Amino acid sequence: SVDLNKMREAMGIMQHHDAVTGTERQKVASDYARVLFEGFEECGIIAQAAINKLIANKKQSEVSRVDAVPIKSCLLLNISQCDILDYSNQFVVTVYNPLSHRVSHYVRVPVSGASYTVQDPTGKQLKIQLVPIPQPVIEIPGRVSPATMELVFYAKDLPPLGFRSYYISGSNHIHHTSKYKIHP
Amino acid sequence: GRDVILGNTKFNAVLDWETGSLKSMVLDRTKFSVSQDFYYYKGYIGDNKEFVNRSSGAYIFRPNGSEALSVSSTKKSSTYKGDLVDETHIKWSDWLSQVVRYYKEDTYHVEMEWLAGPIPVDDNVGKEIISRFKSDLLSDGLFYTDSNGREMLERKRNFRPTWSVNIKEPVSANYYPVTSRITLRDGDKEFSILTDRAQGGTSLNNGEVELMVHRRLLHDDAFGVSEALNETAFGHGLVAIGKHWLTGGNISSGTAAQRTRSLQQQVLLSPWLFFTPADNISFTEWV
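As given, the protein sequences belong to chains A and B, one line each in that order. Quick note on numbering: the working numbering labels position 162 of the first sequence as 162, and the sequence is numbered without any gaps. For any residue, its number in the working numbering is found by taking its place in the second sequence, counting from 1, and adding 1000.
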């Protein structure tokens, strides 16, 4: 409950029309972004604990191991940026369905490798597609990522109020170093 | 040299092969003409001494004149087709582009991801950028906008339901808040655009819908901020990115309502993604 408070506060502050309509100064917008970020960080603790609990329920014997699984959000996915993916050749994408009925969802994640395989928990290899990320004509500071493509796959029939994880491995992955170190 | 078709026989969007411009759509096997383009309004410059002479600014949308100007007439596009998604990347200018997407499985919508900014103001003109859709729907001056997720409200151009109105600013006086959706109807046909955020929108002519996506203004509107809505980050004007989704269908068969509801749930209560690095974990171990 305590971990929800930051987001509760953020939602309270964002009843103000400036937070909704875009009439605020940029510094105010940046402050709203800061408040929301803190909310997401704290809610992430709950999400991670909840998903680990769901995993653990299936395999009680491995509770201690799965408790250690870090599950992170990438809040800059809207601009095709995710530092976890920039530095990992293999990663797991967990897709949580917040609706009370089954849904299917096209997952898009920014990647910098040349080829990838995506497997569902049964080991079935899913169809994937790599689509180029449009590059800006004018170089503007903002998006900081080596990713040049987006990996697309279809997460079909996600269970209601539940999740499914997909194991993704890449080959010919280019490891990027400090040049792309993400600034706060 | 052939136009790009995104979709199938029941639902599709046809784009011009060279520019990527939307030309027509098929909803429930019914074809209708629809185009989309980006325009901008020049911001009005007033002296702020009286209400009727205030500048366009953070709180007031007040274009200088009623005509929106085209952002660019020379668009360039490239199309990427695959097993899961077809998409066309369209460039209007150095500061405005859009990706049009059609996902192939069970999809009855087209996604448009626009990227606008930094809006150039070297000419000392503030600009308010809109995405405008023109169709052959006979909408009879009516359009529908949602009201903070409550209900769809009917809006009638140049009209107020409870008093006799004398419209002096035909563009801004017809703008309404669109928190998630704006819709046109013609007989049994319905055409909706869903937004990913609250935006201003209207229908200034029958069959037309427009939504404001970004603004950069050089004068204060004297409503208290005391500064123009001319923001920068890293020394550049702001860049905004967002999505519009186009969908529709027949009203009597319920497909329009069903598709819109389903799409709203998909995009407004979208699945959450979480990531775990697994460089040292094999698939078998992970399973």
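Every residue gets a Cβ at the ideal spot worked out from N, C-alpha and C, and that includes glycine. These figures come from a predicted structure and were not determined experimentally.
Is residue i close to chain A, meaning its C-beta is less than 7 Å from at least one C-beta of that chain?
i, result
"Gly1141(B)", "no"
"Lys1076(B)", "no"
"Val1121(B)", "no"
"Phe1234(B)", "yes"
"His1244(B)", "no"
"Glu1210(B)", "no"
"His1089(B)", "yes"
"Ile1005(B)", "no"
"Leu1084(B)", "yes"
"Phe1011(B)", "no"
"Phe1283(B)", "yes"
Give the residues of chain B in contact with residue i, contact being defined as C-beta atoms less than 9 Å apart.
i, result
"Phe91(A)", "Phe1275, Thr1276, Pro1277, Ala1278 and Asp1279"
Residue i: which of the options sits nearest, CA to CA?
i, options, result
"Thr1276(B)", "Met14(A), Leu54(A), Phe37(A) and Cys74(A)", "Cys74(A)"
"Val1121(B)", "Gly1007(B), Leu1218(B) and Thr1247(B)", "Leu1218(B)"
"Leu1069(B)", "Lys1075(B), Ser1055(B), Ile1060(B) and Tyr1041(B)", "Tyr1041(B)"
"His1244(B)", "Phe1234(B), Ile1167(B), Arg1157(B) and Glu1111(B)", "Glu1111(B)"
"Tyr166(A)", "Leu1006(B), Val1287(B), Lys1031(B) and Asp1003(B)", "Val1287(B)"
"Pro1177(B)", "Val1171(B), Thr1202(B), Tyr1059(B) and Val1085(B)", "Thr1202(B)"
"Ala1256(B)", "Phe1191(B), Arg1132(B), Asn1148(B) and Lys1091(B)", "Phe1191(B)"
"Lys1189(B)", "Trp1163(B), Glu1169(B) and Gly1249(B)", "Gly1249(B)"
"Asp1146(B)", "Ser1164(B), Ile1182(B) and Lys1127(B)", "Ile1182(B)"
"Tyr1102(B)", "Ile1241(B), Asp1221(B), Ser1282(B) and Leu1006(B)", "Leu1006(B)"
"Ser169(A)", "Thr1284(B), Phe1234(B), Ser1055(B) and Glu1105(B)", "Thr1284(B)"
Can you give the beta carbon distance from residue i to residue j, rounded, assuming they're within the 8 Å contact cut?
i, j, result
"Pro1118(B)", "Gly1237(B)", "3 Å"
"Val1171(B)", "Pro1063(B)", "5 Å"
"Asn89(A)", "Leu158(A)", "Between Leu158(A) and Asn89(A) the Cβ distance is about 26 Å, and since that is not below 8 Å, they are no contact."
"Leu1015(B)", "Val1004(B)", "4 Å"
Report the neighbours of residue i on chain A: residues whose CB is nearer than 9 Å to its CB, in chain order.
i, result
"Tyr1103(B)", "Tyr106, Val152 and Tyr154"
Please tell me whether residue i has its Cβ less than 7 Å away from any Cβ of chain B.
i, result
"Lys179(A)", "Annotation note: pLDDT 43 at Lys179(A) (below 50); position unreliable, no value reported."
"Pro110(A)", "no"
"Ile71(A)", "yes"
"Ile140(A)", "yes"
"Val66(A)", "Any reading at Val66(A) is ruled out, since the residue's pLDDT is 47, under 50, leaving its predicted position unreliable."
"Val118(A)", "no"
"Asn52(A)", "no"
"Val63(A)", "Note that Val63(A) scores a pLDDT of 48, beneath 50, so its modelled location is shaky; the value from the coordinates is reported in the next line. Chain B contact via Cβ: absent."
Could you name the residues of chain B that residue i contacts, counting a contact when the two beta carbons are closer than 7 Å?
i, result
"Val20(A)", "Ala1198"
"Ile79(A)", "Ile1241"
Note down, in chain order, every chain B residue with its Cβ under 8 Å from the Cβ of residue i.
i, result
"Ala47(A)", "Trp1272 and Phe1274"
For residue i, write down the residues that DSSP places opposite it in a beta bridge.
i, result
"Pro160(A)", "According to DSSP, Pro160(A) bridges with nothing at all."
"Pro134(A)", "Note: Pro134(A) sits in no beta bridge, so no partner."
"Gln26(A)", "Paired residue(s): none; Gln26(A) is not in a bridge."
"Gly1007(B)", "Asn1012(B)"
"Glu42(A)", "Its beta-bridge partners do not exist; DSSP assigns none."
"Ser1033(B)", "Ser1024(B)"
"Pro1177(B)", "Gly1200(B)"
"Val193(A)", "Given that chain A is displayed from residue 1 to residue 184, the structure contains no residue 193(A) and the question cannot be resolved."
"Ser73(A)", "DSSP lists no partner for Ser73(A)."
"Arg1054(B)", "Partner(s): none; Arg1054(B) has no beta bridge."
Residues of chain D with a CB under 9 Å from the CB of residue i: which are they?
i, result
"Trp1017(B)", "In the structure shown, chain D does not exist; the protein chains are A and B."
Strictly below 7 Å CB to CB, what residues from chain A border residue i?
i, result
"Trp1286(B)", "Val92 and Tyr167"
"Glu1128(B)", "The contacting residues do not exist; Glu1128(B) stays about 12 Å from chain A at best."
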